[in-house]
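Trainee: Take this structure, written in structure tokens, and hold onto it; I'll ask about it next.
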Amino acid sequence: MTPNRGPVNKCSVKGCVWIGHWPAGGTCPQHREDDRIDQFLTPDENGRR
């Protein structure tokens, strides 16, 4: 039995072929901004990453 995950939507990035369970107008995991990654890419006050 499949759980109710809501409707399937297409990624909103033009040309992307991913479909999945995210809000309408949303993006796939490949195009989604992830704040957890930014903490490793942004230098701290000492210039270290």
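According to the working numbering, the sequence shown holds residues 1 to 49 in order. We put the CB at the ideal spot given by N, CA and C, even for glycine. Fair warning: this is a prediction, and the values are worked out from it, not measured in the lab.
For Cys11, count neighbouring Cβ atoms within 10 angstroms of its own Cβ and tell me buried if that reaches 16, exposed if not.
Mentor: Its Cβ being crowded by 16 or more others within 10 Å, Cys11 is buried.
Trainee: Near Val8, what residues of its chain come up, given a Cβ to Cβ distance below 8 Å and the 5 sequence neighbours on each side ignored?
Mentor: The answer, listed in chain order, is Ile19, Gly20 and His21.
Trainee: Using DSSP with H/G/I as helix, E/B as strand and the rest coil, what is Asn4?
Mentor: Coil.
Trainee: Under 8 Å by Cβ, that's how I've got Val13 and Thr27 pegged, so tell me the actual separation to the nearest angstrom.
Mentor: Confirmed, about 6 Å.
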